[in-house]
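Worksheet for the structure shown next.
Residue numbers (our numbering): 857 to 1306.
Written out as structure tokens, the structure reads:
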């Protein structure tokens, strides 16, 4: 009888959850000779037994196990090297449940060539508990790039994972809208899903998934919700086909609750959480031990994925969501002084998203006191002493945004004959610097940027 590991209710795509563990072994495989064929029928029997014992749906688990054993008895897997057998079984099981993953990892495989395995707490620390970037984008839009829903105890306020996500939310405490990027998030802890979702929803809201296990149910609702939820702030969740499991749960829950706009492509479609089990003969299998049910939809996203509200190529999802966020903030009615900064950011993003506006660039070239305007690679630039030059993005006639900082603009002045005579350095807070042109009498030209 195989010896199971302690099963954790992890909602995580196997390829994501095993990425760190498999890195060193995959490197070692380059140096290690292929393993000889394994007794495929005995190995499949062990894997089938694990599925029959632990799969969340007992009847379906028994059927899957029976079909695997029947295939093995017909010789379908005979002669396979263990690594190949693991891949073939994963491919065989994946259409049934996107969390199924079989791997071959005997204790002594490649040990001489492998780097030491990191302890789980060290791996989590080096991964910064899944938090890759925390940033305030132009227009005061928050951005959180989250690569994993870390192992999480919401009742332990000082535990590293909770302290880290609380710190990230604190950094973003004063933004007008928030984008949470899950495009490269393969899943993780349902407990963290519930806690983070509670940062944007009313306490006690009936929106959280209930996981049905064989003998009991577990709710994703946090026992200790986020203390100061942001209930009206526009919220956007980015997805891709790599978004899996717990990350899908977050998008599915907040999207169906009407609390977040999901932007990107459909997700992986891996709903059912579970854990790895020792299946004997050096094989381990990730088995789904539970299945979530949403109180809003009465179902989950297994096999179909979370469908975005705004479909766009994953590479364009951030820019799309940024534009949507700025539009929503402006529609909500900002004070006039704050709306300028938001509107400038929106106009710059729209200009970047469209074709580059044609510019009579030779009209502008020259020196304006301490400021110079030149041209490089088809774009105008601002030069000022030893500072790095600033690229300009045309917004309208004689008006340019500074690329990467749309809170700054350059506006050129013309005289009655259409000659450029000065430039203004503008800031969204109202500051203005005027720089007369030194060669105003010799500034006509016909060249145009494409």
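We treat Cβ as the ideally placed atom computed from N, Cα and C, and that holds for glycine.
Small disclaimer: the values here were computed from a predicted structure and weren't measured.
- With at least 16 other beta carbons inside 10 angstroms of its own, residue 1004 counts as buried.
- By the Cβ neighbour-count rule, residue 994 is buried, with 16 or more other Cβ atoms within 10 Å of its own.
- Rounded to the nearest angstrom, the gap between the Cα atoms of residue 1123 and residue 1156 is 12 Å.
- Rounded to whole angstroms, the separation of the alpha carbons of residue 1238 and residue 1221 is 10 Å.
- By the neighbour-count definition (other C-beta atoms within 10 Å, threshold 16), residue 1014 is an exposed residue.
- Out of 915, 950 and 934, the CA that lies nearest to the CA of residue 1141 is found in 950.
- In the DSSP assignment, residue 1132 falls within the unbroken beta strand (DSSP E) covering 1130-1136.
- With fewer than 16 neighbouring CB atoms inside 10 Å of its own CB, residue 1166 falls in the exposed class.
- A straight-line Cα-Cα distance of about 47 Å links residue 1020 and residue 897.
- Sixteen is the threshold: since fewer than 16 other Cβ atoms of the shown chains lie within 10 Å of the Cβ of residue 1288, the residue is exposed.
- Membership of residue 1034 in the beta strand (DSSP E) is indicated by the continuous run 1033-1037.
- No Cβ-Cβ contact shorter than 8 Å links residue 1037 with residue 1091.
- Here residue 1096 carries a coil assignment [DSSP, helix/strand/coil].
- The stretch 1246-1263 makes contact with the stretch 1203-1221, as at least three CB pairs between them are under 8 Å.
- If you draw a straight line from the Cα of residue 1279 to the Cα of residue 1273, it is about 16 Å long.
- In this chain, the beta strand (DSSP E) harbouring residue 1252 covers 1246-1252.
- Here DSSP, grouped into helix, strand and coil, assigns residue 903 to helix.
- For residue 1178, no beta strand (DSSP E) segment is defined; the enclosing uninterrupted segment is the alpha helix (DSSP H) at 1173-1188.
- According to DSSP, residue pairing for residue 1224 in a beta bridge involves 1227.
- Selection 1186, 954, 1193 and 1086 evaluated against residue 1203 yields 1186 as nearest (Cα-Cα).
- Residue 1130 has its alpha-carbon roughly 18 Å from the corresponding atom of residue 902.
- Your pair residue 1032 and residue 996 checks out as a contact, with CB atoms roughly 5 Å apart and the cut at 8 Å.
- Comparing alpha carbon positions, the residue from 1080, 1079 and 1049 closest to residue 1100 is 1049.
- Remark: C-beta atoms of residue 1109 and residue 1150 approach each other more closely than 8 Å.
- Residue environment: residue 1264 is assigned as buried (16 or more neighbouring CB atoms within 10 Å of its CB, all protein chains considered).
- Within the same chain, and ignoring the five residues on either side of residue 921 in sequence, the residues whose Cβ sits closer than 6 Å to its Cβ are 904, 907 and 908.
- CA-CA distance, residue 1259 to residue 1234, rounds to 14 Å.
- For residue 1002, the pairing in a beta bridge is given by DSSP as 987.
- Around the Cβ of residue 1244, a 10 Å sphere holds fewer than 16 other Cβ atoms; the residue is exposed.
- Beta-bridge partners of residue 1289 (DSSP): 1281.
- Residue 1016 sits in a helix when the DSSP states are folded into three classes.
- For residue 1075, there is no enclosing alpha helix (DSSP H); the residue is part of the beta strand (DSSP E) that begins and ends at 1073-1075.
- Sixteen is the threshold: since fewer than 16 other Cβ atoms of the shown chains lie within 10 Å of the Cβ of residue 1079, the residue is exposed.
- In the three-state scheme derived from DSSP, where H, G and I count as helix and E and B as strand, residue 933 is classed as coil.
- Under the criterion of beta carbons closer than 8 Å, residue 1164 and residue 1095 qualify as touching, at roughly 6 Å.
- Linking residue 985 to residue 1228 through their CA atoms gives a straight-line distance of about 46 Å.
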